[in-house]
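Enquirer: The sequence shown lines up with residues 2 to 237 when you count with my numbering. A virtual CB, placed ideally from N, CA and C, is assigned to each residue, including glycine. Quick caveat: nothing in here was measured; it's all calculated off a predicted structure.
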Amino acid sequence: ALGLNIGATPAPSSSRGAVSMDLGRPLRVAVVGGGPSGACAAEIFAKAPNIDCTLFERKMDNCKPCGGAIPLCMVDEFELPPEIVDRRVRKMKMISPSGREVDVGRTLKENEYIGMTRREVLDAYLRDRAVELGAKPVTGLVQKVEFEDANGPYTIKYSEYKPGEKKGTPSEAEFDIIVGADGANSRTAKAIDAGEYNFAIAFQERIKIPDEKMKYYEDLAEMYVGDDVSPDFYAW
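#1: Taking all protein chains shown into account, do 16 or more other C-beta atoms lie within 10 angstroms of the C-beta of TYR217, making it buried, or fewer, making it exposed?
#2: Starting from PRO66 and walking both ways along the alpha helix (DSSP H), at which residues does that stretch end?
#3: DSSP three-state call for LEU73: helix, strand or coil?
#4: With DSSP as the reference, identify every bridge partner of SER172, one or two as the case may be.
#5: Give me, in chain order, the residues of the same chain whose beta-carbon lies closer than 6 Å to that of ARG88; leave out the 5 immediate sequence neighbours on both sides.
#6: Is DSSP giving GLY141 helix, strand or coil here?
#7: Could you say which of ILE208, LEU142 and VAL76 lies nearest to GLY186 if we only look at CA atoms?
#8: With distances taken from CA atoms, which of ARG188, ASN152 and GLU161 is nearest PHE176?
#9: My guess is that LYS173 and THR189 are in contact by the Cβ rule of under 8 Å, so how many angstroms apart are they, rounded?
#10: With respect to the alpha helix (DSSP H) encompassing PHE57, which residues constitute its N-terminal and C-terminal limits?
#11: Could you give the distance in angstroms between the alpha-carbon of VAL76 and the alpha-carbon of ARG120?
#12: How is GLU78 classed by DSSP in three states: helix, strand or coil?
#13: Going by Cα to Cα distance, which pick from GLY36, ILE52 and ASP53 is closest to LYS60?
#14: Consult DSSP for ALA236 and reduce its assignment to one of helix, strand or coil.
#15: Suppose only complete runs of 4+ residues qualify. What are the alpha helix (DSSP H) ranges in the region 112-138, listed by chain order?
#16: ALA43 and LEU56 - do their beta-carbons sit closer together than 8 Å?
#17: The beta strand (DSSP E) spanning MET224 covers which residue range?
#18: If you draw a straight line from the alpha carbon of VAL105 to that of ASP229, how long is it in whole angstroms?
#19: What residue does the alpha helix (DSSP H) around ALA190 start on, and which one ends it?
#20: Beta-carbon within less than 6 Å of ILE96's beta-carbon, same chain only, minus the 5 sequence neighbours each way: which residues are those?
#21: Candidates PRO138, ILE178, LYS163 and ALA47: which alpha carbon is nearest LEU24's?
#22: If I measure Cβ to Cβ from ALA2 and keep anything under 7 Å in the same chain, skipping five residues before and after, which residues do I get?
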């Protein structure tokens, strides 16, 4: 049986419970996906004794199309430095399908805000922290997960992209545990037949505007819920 006792917080302390698995060697763990979830999982495994952790991410400098908003509690819980937060949103303007505007945020305290981040900055920081603790980073696209027994071992087949190379090199590696953090089109989820699930497709545009106009958005976000912007969902 496998027993894990390595804490539940994203940035665990140095007191780690050991992983018990009678292998006579360190436990081989693969984390597929280098976003916040994958990076934090890799950090926890890297801090634990008797674990060799490999972190797979297809594009280390990926700018994920995401609003990048994080709750205030995440800053302390994930031990994020202040410079990770680009803007501190304290006001929000909700705009209805009919064009009616409602201001939100008047009840926020002086020290409360919604943090706005750029995912390529946030994700890289969390990944780098895991790597500094001992996780092995692999720039590679996981294509298939193979196994004969549900309890492992598991073989990951992937294309590894080395610096300066545009074409990936077919590679494979064997692991005892796989953590799937590879998003909506998860190869890990398909490998274990996780079934159908709902997901949304996001589009992101970055627009350069003059500094004097940007001051209007210094601590403000606008949310549109009309069909003219994003049918059946929202845009901001």
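Expert: Working from what's here:
#1: Taking the first residue of the sequence shown as position 1, residue 217 is located at position 216. When all chains shown are included, TYR217 counts as exposed.
#2: On the sequence shown, position 65 is the one that residue 66 refers to. No alpha helix (DSSP H) contains PRO66, which DSSP labels as neither H nor E.
#3: Counted from its first residue, the sequence shown places residue 73 at position 72. Helix at LEU73.
#4: Here residue 172 refers to the residue found at position 171 of the sequence shown. DSSP, once it has assigned bridges, lists TYR159 as partnering SER172.
#5: Looking up residue 88 in the sequence shown gives position 87. Only MET117 meet the Cβ criterion.
#6: Locating residue 141 in the sequence shown gives position 140, counting from the first residue. GLY141 falls in the strand class under three-state DSSP.
#7: Along the sequence shown, read from residue 1 onward, the residue named residue 186 stands at position 185. For the record, residue 186 in the displayed sequence is Asn; it is not Gly. Answer by Cα proximity: LEU142.
#8: As a position in the sequence shown, residue 176 is number 175, starting the count at 1. Comparing Cα-Cα distances from PHE176 to each of ARG188, ASN152 and GLU161, the minimum goes to ASN152.
#9: To locate residue 173, count along the sequence shown from 1; it is residue 172. To locate residue 189, count along the sequence shown from 1; it is residue 188. Looking at the sequence provided, one finds Glu at residue 173 rather than Lys. The pair is not a contact, with the Cβ atoms about 15 Å apart (cut-off 8 Å).
#10: For the purposes of this step, residue 57 is taken as the residue at position 56 of the sequence shown. Run containing PHE57: none in the alpha helix (DSSP H); it sits in the beta strand (DSSP E), 52-58.
#11: In the sequence shown, residue 76 corresponds to position 75, counting from 1. In the sequence shown, residue 120 corresponds to position 119, counting from 1. Each residue's Cα considered, the two are about 14 Å apart.
#12: Against the sequence shown, residue 78 aligns to sequence position 77. Helix.
#13: Taking the sequence shown and counting its residues from 1, one reaches residue 60 at position 59. When only C-alpha atoms are compared, the closest one is GLY36.
#14: Sequence index remark: in the sequence shown, residue 236 carries index 235 (1-based). The answer is strand: DSSP assigns ALA236 an E or B state.
#15: 120-133
#16: Numbered from its first residue, the sequence shown carries residue 56 at position 55. Numbered from its first residue, the sequence shown carries residue 43 at position 42. Yes. Within cutoff.
#17: By 1-based counting over the sequence shown, the position of residue 224 is 223. Per DSSP, MET224 belongs to the beta strand (DSSP E) from 221-225.
#18: The residue labelled residue 105 in the question sits at position 104 within the sequence shown. The residue labelled residue 229 in the question sits at position 228 within the sequence shown. Taking the straight line from one Cα to the other gives about 22 Å.
#19: The residue you call residue 190 lines up with position 189 of the sequence shown. Note, ALA190: alpha helix (DSSP H), 188-192.
#20: As a first step, residue 96 is located in the sequence shown; it is residue number 95 there, counting from the start. Excluding residues within five positions, the ones whose Cβ falls inside 6 Å are GLU102 and TYR225.
#21: For the purposes of this step, residue 24 is taken as the residue at position 23 of the sequence shown. Nearest of PRO138, ILE178, LYS163 and ALA47 to LEU24, Cα basis: ILE178.
#22: Numbered from 1 along the sequence shown, position 1 holds the residue referred to as residue 2. Low per-residue confidence applies at ALA2: pLDDT is 30, beneath 50, and the placement is therefore not dependable enough to give any value.
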